[in-house]
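Numbering-wise (this note's numbering), the sequence shown opens with residue 149 and increments by one.
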Amino acid sequence: MDIDDDAPLYVISVAAELAGMHPQTLRQYDRLGIVTPQRARGRGRRYSRRDVDSLREVQRLSQDEGINLAGIRRIIELERELARTRDELRRLRAFTTARVFAADPSGEVSELAPGRRPRRSGGALVIWRPPYRG
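Here it is as C-alpha coordinates:
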(Lines of atoms letter the chains of each structure in order from A; the text may use other names.)
(Lines give C-alpha, C1' and ligand atoms only; values in the text may rest on other atoms or scores of the structure.)
Protein backbone atom coordinates (compact mmCIF):
# COMPACT_ATOMS: atom_id res chain seq x y z
CA MET A 149 0.00 0.00 0.00
CA ASP A 150 1.52 3.30 -1.11
CA ILE A 151 0.95 6.40 0.98
CA ASP A 152 0.88 9.77 -0.72
CA ASP A 153 3.97 11.87 0.06
CA ASP A 154 1.67 14.84 0.70
CA ALA A 155 -0.65 13.02 3.13
CA PRO A 156 -0.71 14.77 6.53
CA LEU A 157 0.63 11.98 8.73
CA TYR A 158 2.78 13.37 11.53
CA VAL A 159 2.02 15.59 14.51
CA ILE A 160 4.62 18.25 15.20
CA SER A 161 6.55 16.24 17.82
CA VAL A 162 6.98 13.27 15.46
CA ALA A 163 7.89 15.46 12.49
CA ALA A 164 10.45 17.32 14.62
CA GLU A 165 12.03 14.06 15.71
CA LEU A 166 12.14 12.72 12.14
CA ALA A 167 13.77 15.96 10.94
CA GLY A 168 16.16 16.13 13.89
CA MET A 169 14.81 19.48 15.10
CA HIS A 170 13.02 20.98 18.06
CA PRO A 171 9.22 21.43 17.66
CA GLN A 172 9.63 25.17 18.27
CA THR A 173 11.86 25.37 15.19
CA LEU A 174 9.06 23.82 13.12
CA ARG A 175 6.62 26.40 14.49
CA GLN A 176 9.02 29.19 13.51
CA TYR A 177 9.42 27.78 9.99
CA ASP A 178 5.63 27.63 9.70
CA ARG A 179 5.26 31.26 10.82
CA LEU A 180 7.92 32.32 8.30
CA GLY A 181 6.29 30.32 5.50
CA ILE A 182 9.36 28.15 4.97
CA VAL A 183 7.62 24.81 5.58
CA THR A 184 3.86 25.11 6.00
CA PRO A 185 2.12 21.93 7.17
CA GLN A 186 -1.55 21.15 6.74
CA ARG A 187 -3.90 21.71 9.66
CA ALA A 188 -6.09 19.18 11.45
CA ARG A 189 -9.63 20.02 12.52
CA GLY A 190 -8.46 21.32 15.88
CA ARG A 191 -5.92 23.51 14.00
CA GLY A 192 -3.01 21.24 15.00
CA ARG A 193 -0.18 20.98 12.50
CA ARG A 194 0.08 17.77 10.46
CA TYR A 195 3.27 17.16 8.52
CA SER A 196 3.66 14.98 5.43
CA ARG A 197 6.68 13.00 4.28
CA ARG A 198 7.40 15.79 1.81
CA ASP A 199 7.27 18.34 4.65
CA VAL A 200 9.79 16.29 6.68
CA ASP A 201 12.08 16.09 3.63
CA SER A 202 11.76 19.87 3.23
CA LEU A 203 12.64 20.38 6.89
CA ARG A 204 15.77 18.28 6.42
CA GLU A 205 16.71 20.33 3.35
CA VAL A 206 16.20 23.58 5.27
CA GLN A 207 18.47 22.27 7.99
CA ARG A 208 21.10 21.26 5.42
CA LEU A 209 21.00 24.66 3.73
CA SER A 210 21.27 26.41 7.06
CA GLN A 211 23.97 24.29 8.69
CA ASP A 212 26.05 23.01 5.78
CA GLU A 213 25.71 25.93 3.36
CA GLY A 214 25.44 28.75 5.91
CA ILE A 215 22.34 30.27 4.27
CA ASN A 216 20.12 32.43 6.49
CA LEU A 217 16.35 31.88 6.79
CA ALA A 218 15.50 34.73 4.40
CA GLY A 219 17.75 33.15 1.78
CA ILE A 220 16.27 29.71 2.39
CA ARG A 221 12.74 31.09 2.04
CA ARG A 222 13.71 32.69 -1.29
CA ILE A 223 15.31 29.46 -2.53
CA ILE A 224 12.15 27.53 -1.65
CA GLU A 225 9.95 30.12 -3.41
CA LEU A 226 12.09 29.91 -6.55
CA GLU A 227 12.06 26.09 -6.50
CA ARG A 228 8.25 26.10 -6.24
CA GLU A 229 7.98 28.62 -9.06
CA LEU A 230 10.32 26.52 -11.20
CA ALA A 231 8.25 23.38 -10.52
CA ARG A 232 5.02 25.22 -11.49
CA THR A 233 6.67 26.53 -14.65
CA ARG A 234 7.91 23.06 -15.61
CA ASP A 235 4.43 21.61 -15.05
CA GLU A 236 2.88 24.34 -17.20
CA LEU A 237 5.46 23.80 -19.95
CA ARG A 238 4.81 20.04 -19.88
CA ARG A 239 1.06 20.69 -20.09
CA LEU A 240 1.47 23.13 -22.98
CA ARG A 241 3.75 20.78 -24.89
CA ALA A 242 1.25 17.95 -24.52
CA PHE A 243 -1.54 20.28 -25.62
CA THR A 244 0.20 21.65 -28.72
CA THR A 245 1.99 18.57 -30.02
CA ALA A 246 -1.09 16.37 -30.04
CA ARG A 247 -3.32 18.66 -32.08
CA VAL A 248 -3.80 19.54 -35.74
CA PHE A 249 -5.97 22.46 -36.82
CA ALA A 250 -7.45 23.49 -40.16
CA ALA A 251 -9.01 26.76 -41.25
CA ASP A 252 -11.65 26.87 -43.99
CA PRO A 253 -12.03 29.78 -46.47
CA SER A 254 -14.39 31.64 -44.11
CA GLY A 255 -11.73 31.61 -41.39
CA GLU A 256 -13.44 28.98 -39.25
CA VAL A 257 -10.80 26.97 -37.37
CA SER A 258 -11.42 23.40 -36.35
CA GLU A 259 -9.37 20.65 -34.77
CA LEU A 260 -8.70 17.56 -36.86
CA ALA A 261 -8.49 14.05 -35.50
CA PRO A 262 -5.08 12.42 -36.00
CA GLY A 263 -4.76 10.98 -39.51
CA ARG A 264 -7.80 12.89 -40.84
CA ARG A 265 -7.69 15.43 -43.65
CA PRO A 266 -9.96 18.47 -43.76
CA ARG A 267 -12.81 18.72 -46.25
CA ARG A 268 -11.98 20.99 -49.10
CA SER A 269 -14.82 23.30 -50.01
CA GLY A 270 -13.19 25.63 -52.50
CA GLY A 271 -10.76 28.42 -51.82
CA ALA A 272 -7.59 28.24 -49.80
CA LEU A 273 -6.91 25.60 -47.21
CA VAL A 274 -4.47 26.08 -44.33
CA ILE A 275 -3.30 23.31 -42.06
CA TRP A 276 -1.21 24.16 -39.05
CA ARG A 277 0.78 21.56 -37.20
CA PRO A 278 2.96 22.56 -34.26
CA PRO A 279 6.62 21.68 -34.72
CA TYR A 280 7.77 18.47 -33.08
CA ARG A 281 9.94 19.17 -30.07
CA GLY A 282 10.83 15.70 -28.83
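All C-beta atoms, glycine included, are put in the ideal place defined by N, C-alpha and C. Quick caveat: nothing in here was measured; it's all calculated off a predicted structure.
Along the chain, where does the beta strand (DSSP E) that runs through residue i open and close?
| i | result |
| --- | --- |
| residue 259 | 257-260 |
| residue 183 | No beta strand (DSSP E) holds residue 183; DSSP gives it neither H nor E. |
| residue 250 | 248-251 |
Flag this pair as yes or no: are the beta carbons of residue i and residue j separated by less than 8 Å?
| i | j | result |
| --- | --- | --- |
| residue 260 | residue 253 | no |
| residue 154 | residue 196 | yes |
Please report the distance separating the alpha-carbon of residue i from that of residue j.
| i | j | result |
| --- | --- | --- |
| residue 200 | residue 241 | 32 Å |
| residue 262 | residue 249 | 10 Å |
| residue 214 | residue 220 | 10 Å |
| residue 255 | residue 228 | 41 Å |
| residue 206 | residue 235 | 24 Å |
| residue 159 | residue 150 | 20 Å |
| residue 210 | residue 238 | 32 Å |
| residue 223 | residue 217 | 10 Å |
| residue 225 | residue 162 | 25 Å |
| residue 184 | residue 212 | 22 Å |
| residue 176 | residue 258 | 54 Å |
| residue 186 | residue 251 | 49 Å |
Pick from the options: whose alpha carbon is nearest that of residue i?
| i | options | result |
| --- | --- | --- |
| residue 179 | 188, 151, 193 | 193 |
| residue 189 | 231, 156, 175 | 156 |
| residue 198 | 176, 152, 257, 258 | 152 |
So the alpha helix (DSSP H) residue i belongs to, where does it begin and stop?
| i | result |
| --- | --- |
| residue 162 | 160-167 |
| residue 206 | 197-211 |
Using C-beta distances below 8 Å, list every residue in its chain close to residue i, excluding the 5 sequence neighbours before and after it, in chain order.
| i | result |
| --- | --- |
| residue 170 | 164 |
| residue 181 | 221 |
Sorted by chain position, which residues of the same chain lie with C-beta nearer than 6 Å to residue i's C-beta, five sequence neighbours on each side aside?
| i | result |
| --- | --- |
| residue 167 | 200, 203, 204 |
| residue 173 | none |
Closer than 7 Å: is that where the CB of residue i sits relative to any heavy atom of the ligand SAM?
| i | result |
| --- | --- |
| residue 195 | Among the ligands in the structure shown, none appear at all, so the ligand SAM cannot be discussed. |
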